[in-house]
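Protein chains: 2
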Amino acid sequence: MTSKTKISPDFIQNAARILKTLGHPQRIKIVEYLEDGEKPVSQIQRNLDLIQPIVSQHLKIMLDRGIVKYRQEGTRYYYSLANDFILKILSCMSDAQEMISRGEWSLENFNNN
Amino acid sequence: MTSKTKISPDFIQNAARILKTLGHPQRIKIVEYLEDGEKPVSQIQRNLDLIQPIVSQHLKIMLDRGIVKYRQEGTRYYYSLANDFILKILSCMSDAQEMISRGEWSLENFNNN
DNA sequence: ACTTTATATAGTATTATTTATATATTCTAT
DNA sequence: ATAGAATATATAAATAATACTATATAAAGT
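Residue numbers (my numbering), protein chains in the order written: chain A, 1 to 113; chain B, 1 to 113.
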């Protein structure tokens, strides 16, 4: 059983923003990649096989929304997760993945389009 | 410590979709409202003070993405959460709310715009 | 049959997000 | 001072999400 979740009305906007921000495949991948510590942009770029401005753009969005932070060293920008909590959301999604693979949840609907 | 979250590459699109879908204030409110059981559209509408087509649209989006389901009875459509798991995500967000209120996390960044 | 109620669906305009491309900045090494 | 590397920023184009208005459907009551 799940206890009554009460998100305060003031916080709903923030909650939506966080979820929406993480609701992008490449950003999820970036967050996952940052899980084991800070990484410079170039490395993220290589790892995810994306062009540099795209990576910087996603990082900026996540920076503005408090999801990542960075530390500059010379010409390198080392990005890392602003917070361990972000991983909780991802681990929640990996639970979802399990449920679906066990057939306990279906994302597809009969009247899907 | 959080254990290594591993979302399979195949699932990342789905994960993003779920998060993005929940990343809307009114949809969060709807999900919260459905927490204590199925509700007909009209009641959701009254509760959230929205016009009917908006509610139906959000419900349809969430239906297509496996987040809600419904049961028709006469002219009434009773919507409910497709899954208890959805609440876990929200409860995760209510944890976030706490962290922020305790000052352990800031959503605002110096160079925010 | 006709009307009302509850809800869905369609179409559309507006706005936001995403991606791509091009350029600027800043640091480092020469 | 110049050049190269790493990254940011600006801008434009393409795409998607949102909210609104109007209309359709289907069941229930008269």
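The C-beta atom is built at its ideal place from N, Cα and C for all residues, glycine as well.
Just so we're clear, the structure is a prediction, and the values are computed from it rather than from any experiment.
Along the stretch 91-109 of chain B, going in chain order, the ones with a CB nearer than 9 Å to a CB of chain A are Ser91, Cys92, Met93, Ser94, Asp95, Ala96, Gln97, Met99, Ile100, Ser101, Glu104, Trp105, Ser106, Leu107, Glu108, Asn109.
The three-state reading of DSSP puts A/Leu81 in strand, counting E and B together. For B/Glu73, the secondary structure class from DSSP, reduced to helix, strand or coil, is strand. Non-local beta-carbon contacts of A/Asn83 in its own chain, meaning distances under 6 Å to residues more than five positions away in sequence, are absent. Pairing A/Glu38 with A/Ser80 gives a Cβ-Cβ distance under 8 Å.
A residue is called buried once 16 or more other Cβ atoms fall within 10 Å of its Cβ, and A/Ile54, having fewer, is exposed. At a cut-off of 8 Å, the C-beta of B/His24 has a neighbouring C-beta in chain A. The way I'd put it, the stretch 85-98 of chain A does touch the stretch 15-29 of chain B; three or more beta-carbon pairs between them come closer than 8 Å.
With respect to chain B, the C-beta atom of A/Ser8 has a partner C-beta closer than 8 Å.
Residue-level contact by beta carbon fails for B/Ile44 and chain A, as no gap is shorter than 8 Å. When the five nearest sequence neighbours on each side are left out, the beta carbons in the same chain lying within less than 8 Å of the beta carbon of B/Gln45 are those of Ile51, Gln52, Val55, in order along the chain. The beta-carbon distance between A/Gly66 and B/Leu22, rounded to whole angstroms, is 18 Å. This is too long to meet the 8 Å contact definition.
According to DSSP, B/Lys39 shares a beta bridge with B/Tyr79. In the DSSP annotation of this structure, the continuous segment of the alpha helix (DSSP H) that includes B/Lys29 starts and ends at 25-34. In this structure, B/Thr5 lies away from A/Leu34, with their beta-carbon atoms at least 8 Å apart.
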